[in-house]
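Okay, structure first, notes after.
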Ligand code: NAP
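Residue numbers (the working numbering): 94 to 413.
Here you go:
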């Protein structure tokens, strides 16, 4: 079988396609034939060696995939060969023809959802769900600012928020991205590169500010966010690539709640709840992952370059 292998941390070029020994499902394990593997920003942080939790070298990157159960090990009853699944992390990495998983890492992939879409579910949608509902506790009728709505987590947040009856203000840095955010259900879409979009947010909320903010670029926006948050508002820090200065008075005057979000911190029970909700949304069509590009597995390095460039819209996946 083929897999992307990383022998040393570094730039995208350290990822090489190699022939590796075939995997076999041991007791309690499941072998999944990967039809598509999702690329997430976190895969690039891990590959560069900058991420706190470092894998043992050499390793195969990737947490997300869409595929079919190939074989199950002794004692596995939850899935069977032939089942369509989306993968929420694995034991061996998903940038490969096959991945070994635990049964709890597999979730049913409805027939109408493609394998590439399946590869775009786990990290983006689970993070969006955790941020919106488990951390910020958003409820129907509230207004949410999805600050960075064009990427994987952003699109997922827009679809989840729309299905839950929230009013959404989404932001994007390009015309194509903003068009997509409107198509996915945001009632208002603004340009986070425009000089007066914060004023527009206040205008859209009658000067009150938004109840919830899901922030994808906290290192740029955290201080600004506090100025457009309503009293008792909740600001979920989803993404951040560095330090930022804030004025604590903006938080004090609003009784603001600044909430860290880390998908990896979700408990087993919380994760089970998240995936039950995501499977239901995939089944009823409210959740529809958007694929921007399918690349061959050998082009993983290009995928890592593209995912870190500005101007997102949807997900990049690798097809073995
Ligand atoms: P992505 O697909 O690469 O999307 C990045 C998003 O950030 C795009 O919507 C982009 O918009 C937006 N953005 C760029 N500059 C911005 C600015 N100045 N203001 C507001 N938004 C801006 O990444 P993703 O998968 O959605 O992940 C988003 C962030 O969350 C990443 O930093 C990722 O590492 C992090 N994350 C955290 C967790 C967690 O557990 N905490 C889990 C998953 C992801 P344009 O390109 O349109 O400008």
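Glycine included, every Cβ here is placed at the ideal spot set by N, Cα and C.
Per the C-alpha coordinates, the member of 262, 357, 178 and 283 positioned closest to residue 372 is 178. Under DSSP, no beta-bridge partner is assigned to residue 354. The segment 334 to 351 makes no contact with the segment 236 to 250: fewer than 3 CB pairs, one atom from each, lie closer than 8 Å. Per DSSP, the unbroken alpha helix (DSSP H) holding residue 221 starts and ends at 215 to 222.
Spatial neighbours of residue 222 in its own chain (CB-CB distance under 8 Å, excluding positions within 5 residues in sequence) are listed in chain order as 249, 253, 367, 370 and 371. Contact between the segment 112 to 119 and the segment 158 to 171 is established, with three or more Cβ pairs separated by less than 8 Å.
In this structure residue 411 touches residue 388 by the C-beta definition: roughly 6 Å separates them, less than 8 Å. The beta carbon of residue 313 sits closer than 7 Å to at least one heavy atom of the ligand NAP.
No heavy atom of the ligand NAP is found nearer than 7 Å to the CB of residue 272. With a minimum length of 4 residues, the unbroken runs of alpha helix (DSSP H) contained wholly in the segment 268 to 343 fall at 268 to 276, 290 to 297 and 311 to 318. If you draw a straight line from the Cα of residue 378 to the Cα of residue 102, it comes to about 39 Å. Your pair residue 187 and residue 157 checks out as a contact, with CB atoms roughly 6 Å apart and the cut at 8 Å. Counting only runs that start and end inside the segment 160 to 219, the alpha helix (DSSP H) elements of at least 4 residues fall at 208 to 211.
Beta-bridge analysis with DSSP links residue 126 to 161 and 191.
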